[in-house]
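First comes the structure, then the notes that go with it.
In our numbering, the protein residues as written are 825 to 1378.
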């Protein structure tokens, strides 16, 4: 594509989708080429140079007439030193540095320059810095770079991301000149466009993204949407996401995009024990990044998964983010607990897949909220926690303190049945045989015998893994239950006794009396056996207490 200015004869020729060759009109001096020798650039002309422009440790040997006719900034610097025939100026702050200034020099000397999506942002910023506007020369560099920028915004999805990448080296200038904002607007418009098929790259096609069909978008286009967004720096990503949220696109898609970006970012985080100056700056940047991600999350329910929020919360704890944001995120996760599955709570730790302490904090936050909400379904979260405990019980890296904290994080009324809790505790105690008696007892203290099924009660009474005091308690409770059963109104024992009295008084057969006596004898034998077991366990408990006292006094 060729755009030509009929007045000056200047033109912009787009060779490819992301390349542009700018042909400036003939200036006051045309050079054959610009050559580099070590850290010096020389313009090949028949006239000796009378101006040196220094950018840090690199020098450009130029001619005043060619440069000042295009740049208002250099014009002022040169004429401030008008008394000198040979002028030297220093401009270290030019956007893009010496690499971009080389393109500027070529433009000033009538040589064609190759602008790309990667360098057009720094080139545009440098042109503004040097004040290369059309008031000095018709078809100056600002208007040329602007034309190419506008073309890319309208024609190429991929190249818009390349422009944003190029803005990273000239951040303040690109924001002040609204390049970042224009890129973000172009990306958000194309991502949310309800028009037909439009070009997004050299060999790619964007399918309609509508509010009613965003799920189909992911299926049709794979992950192109997320992969392109994940290449953005955090400030550019936030700018794009903020604009997309204002348009008609499903919150679930926005949330998934944020999760995808975060997953890639997390893989690049390294936390070192040594707190060097560079490490502190890195942590500060990561803290700001985490806070920005939390603030930009869609507010809609179910727009992001609980597992993603747990990982984000973990990063926030590591980075010591703003306490208000941290509590806000924890509360949001707590409100999602009733809809979670046990696998949603799995968060990777440094030594294990299970960061239990994170889950404990969220469960405690849920209990605090649920206590003031009569509509809360505490029993649902009780089953969730029991299922999660079963998942983590066999992990040898889960410490007793964390397991105990999670078992006891819920009130007793949150569990109608303790079978799953008993199963997870039994698995954990068998996998961690080196626990102290105190640790084992603390883990088991929330387990209630009357909330166990008959099968679980029988297993618990015979389970040598349980602490002695818990087994003693269970046996005593079983004995009490049996006594209540035997002595309660309507029990078989009472019925047998009444029937026997009636039958004796009426002179009925003696066989009924014998049967009743045999039944009573069997029951008494069972009670004597239980009493013996209880006595034995109590004796062992007293011995353990005496040993403990001896150890303390020693």
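Don't be surprised by glycine CBs; every beta carbon is placed ideally from N, CA and C. All of these numbers come straight from a predicted model, not from anything done at the bench.
Just verifying my parser: in three-state terms, what is the DSSP assignment at residue i?
| i | result |
| --- | --- |
| residue 1221 | coil |
| residue 864 | strand |
| residue 1236 | helix |
| residue 940 | strand |
| residue 854 | coil |
| residue 1182 | helix |
| residue 846 | strand |
| residue 1022 | Caution is warranted here: a pLDDT of 35 is assigned to residue 1022, below 50, making its placement in the model unreliable, and the coordinate value is therefore given only provisionally. Three-state result, residue 1022: strand. |
| residue 822 | Because the chain in this structure spans residues 825 to 1378, residue 822 falls outside the shown range and cannot be described. |
| residue 962 | coil |
| residue 1029 | Low per-residue confidence applies at residue 1029: pLDDT is 31, beneath 50, and the placement is therefore not dependable enough to give any value. |
| residue 1074 | coil |
| residue 1245 | helix |
| residue 1081 | helix |
| residue 1056 | coil |
For the alpha helix (DSSP H) that residue i lies in, which residues bound it at each end?
| i | result |
| --- | --- |
| residue 977 | 965-979 |
| residue 1157 | 1147-1159 |
| residue 923 | 921-932 |
| residue 1002 | Segment: none, residue 1002 is in no alpha helix (DSSP H) and carries neither H nor E. |
| residue 1131 | 1130-1143 |
| residue 1116 | 1101-1120 |
| residue 900 | 896-904 |
| residue 819 | Residue 819 is absent from the structure shown; the chain starts at 825 and stops at 1378. |
| residue 917 | Counting along the chain, residue 917 falls outside any alpha helix (DSSP H), and DSSP gives it neither H nor E. |
| residue 1166 | That residue, residue 1166, is in no alpha helix (DSSP H); it is neither H nor E in DSSP. |
| residue 1274 | That residue, residue 1274, is in no alpha helix (DSSP H); it is neither H nor E in DSSP. |
Since residue i sits in a beta bridge, which residues does DSSP pair it with?
| i | result |
| --- | --- |
| residue 886 | 875 |
| residue 859 | 866 |
Return yes when the Cβ of residue j is within less than 8 Å of the Cβ of residue i, no when it is not.
| i | j | result |
| --- | --- | --- |
| residue 945 | residue 965 | no |
| residue 1251 | residue 1217 | yes |
| residue 901 | residue 887 | no |
| residue 949 | residue 997 | yes |
| residue 1171 | residue 1133 | no |
| residue 927 | residue 947 | yes |
| residue 1110 | residue 1143 | yes |
| residue 1120 | residue 1080 | no |
| residue 1214 | residue 1242 | no |
| residue 988 | residue 1056 | yes |
| residue 1082 | residue 1112 | no |
| residue 1237 | residue 1201 | no |
| residue 990 | residue 1051 | no |
| residue 1115 | residue 1149 | yes |
| residue 1137 | residue 1158 | no |
| residue 1199 | residue 1239 | no |
| residue 1016 | residue 1072 | yes |
| residue 894 | residue 961 | yes |
| residue 941 | residue 983 | yes |
| residue 1004 | residue 1060 | yes |
| residue 1234 | residue 1209 | yes |
| residue 1141 | residue 1187 | no |
| residue 1268 | residue 1249 | yes |
| residue 890 | residue 933 | yes |
| residue 1139 | residue 1090 | yes |
| residue 897 | residue 953 | yes |
Determine the extent of the beta strand (DSSP E) in which residue i is found, giving its start and end residues.
| i | result |
| --- | --- |
| residue 912 | 911-914 |
Go through its chain and collect everything with a Cβ distance to residue i's Cβ below 7 Å, but skip five positions before and after it.
| i | result |
| --- | --- |
| residue 879 | 915, 916, 918, 921, 922, 925 |
| residue 899 | 892 |
| residue 1264 | 1253, 1291 |
| residue 1212 | 1166, 1169, 1183 |
| residue 1222 | 1176, 1178, 1180, 1216 |
| residue 1054 | 1084, 1085, 1088 |
| residue 885 | 864, 865, 866, 867, 873, 876 |
| residue 937 | 846, 927, 930, 931 |
| residue 1280 | 1243, 1246 |
| residue 909 | 874 |
| residue 1011 | 984, 1064 |
| residue 956 | 894, 895, 964, 965, 966 |
| residue 1104 | none |
Who are the Cβ neighbours of residue i in its own chain at under 8 Å, not counting the five residues just before and after it?
| i | result |
| --- | --- |
| residue 1285 | 1295, 1298, 1299, 1302 |
| residue 1364 | 1292 |
Can you name, in chain order, every residue of its own chain whose Cβ lies under 6 Å from the Cβ of residue i, other than the five neighbours on each side?
| i | result |
| --- | --- |
| residue 958 | 964, 967 |
| residue 905 | 911 |
| residue 1266 | 1228 |
| residue 1224 | 1259, 1263 |
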